[in-house]
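Step one of this worksheet: look at the structure below.
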Ligand SMILES: [Zn+2]
């Protein structure tokens, strides 16, 4: 295994680049070191070995971990949990109660990914998490990692019904999953992410809930830690609001079939600064827009009374 990009990003918080889809600086997992060790998201089922290598490279041992905190059950955030837990015998996988059964039995989740064109050979890497190693939460719970190091669960539904954020009091930091979107600080890009099961109203509400927390840092899986929290939430509320309104406008004009194409045009414009990272740009404006279009279309269809 070549050297993994893994480093201390804040005191006793370590970031590992999982190199999802071989794209650098796209998908991160984090380690919090207290008296107990916690992994924040497992990363994708295709990058479990990178995460394990990163853990060891940083001088930790998988068997010493007490928790894997999953922000939600989309595969890039929890797909490796079943593989990792085999080497973390005393760890609990913490997940929203609406996602728990899919970690214990991924078959339904994989079927839905399969129907979206996911690769079955790769999906076979998604392993079940033993039920006795799953702790379900719904928001409000607190987990102690040691003195003055507590993780508090914050429900952030919208992006998915099973999204939660984890507030870490030591840094007043929130591990926000996908609930704030994909934020690329260097390129000044913030891309909302809808997905099947998306709820626009809840997504905006969750952004306001998160913005009201006493935060000094945001830890993004996509991508990295940032301290300009107020600016990010302002940007996020605008972007999530605008994209939703844009999709809604098309939907109400009877142009639901154009949502994907028009969103793609919009994304290609807004993400111009990412263009030189070719495969990343193509993923964001390709597959991710397709997913978002499904999320918006599903949401506005559910919202519209059937005649
Ligand atoms: Zn997600």
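Numbering (this note's numbering), first residue to last: 3 to 309.
Where a beta carbon is used, it is the ideal one built from N, C-alpha and C, also for glycine.
- In the three-state DSSP reduction, residue 193 falls in the strand class (E or B).
- Using a cutoff of 7 Å, the CB of residue 197 counts as near ligand 1, since one of the ligand's heavy atoms is closer than that.
- In this structure, residue 115 sits away from residue 201, with a CB-CB distance that is not shorter than 8 Å.
- The C-alpha of residue 58 lies about 13 Å from the C-alpha of residue 17.
- In this model, residue 42 and residue 177 are separated by some 7 Å (Cα to Cα).
- Excluding its 5 nearest sequence neighbours in each direction, residue 191 has C-beta neighbours in its own chain below 7 Å: 272, 273, 275 and 276, listed in chain order.
- By the criterion of a C-beta distance shorter than 6 Å, residue 163 is surrounded in its chain by 100 and 199, once the five residues flanking it on both sides are discounted.
- Nearest in C-alpha terms to residue 265, of all of 187, 296, 138 and 81, is 296.
- Per DSSP, the beta-bridge partners of residue 228 are 220.
- With a cut-off of 7 Å, the C-beta of residue 27 is classified as distant from ligand 1, since no heavy atom of the ligand falls inside that distance.
- Distance from the C-beta of residue 161 to the nearest heavy atom of ligand 1 is below 7 Å.
- Linking residue 76 to residue 150 through their CA atoms gives a straight-line distance of about 30 Å.
- As for any alpha helix (DSSP H) of minimum length 4 sitting wholly inside the segment 120-147, the runs are 122-125, ordered along the chain.
- According to DSSP, residue pairing for residue 39 in a beta bridge involves 35 and 67.
- Here DSSP, grouped into helix, strand and coil, assigns residue 202 to helix.
- The segment 238-245 and the segment 34-49 do not touch, with fewer than three beta-carbon pairs separated by less than 8 Å.
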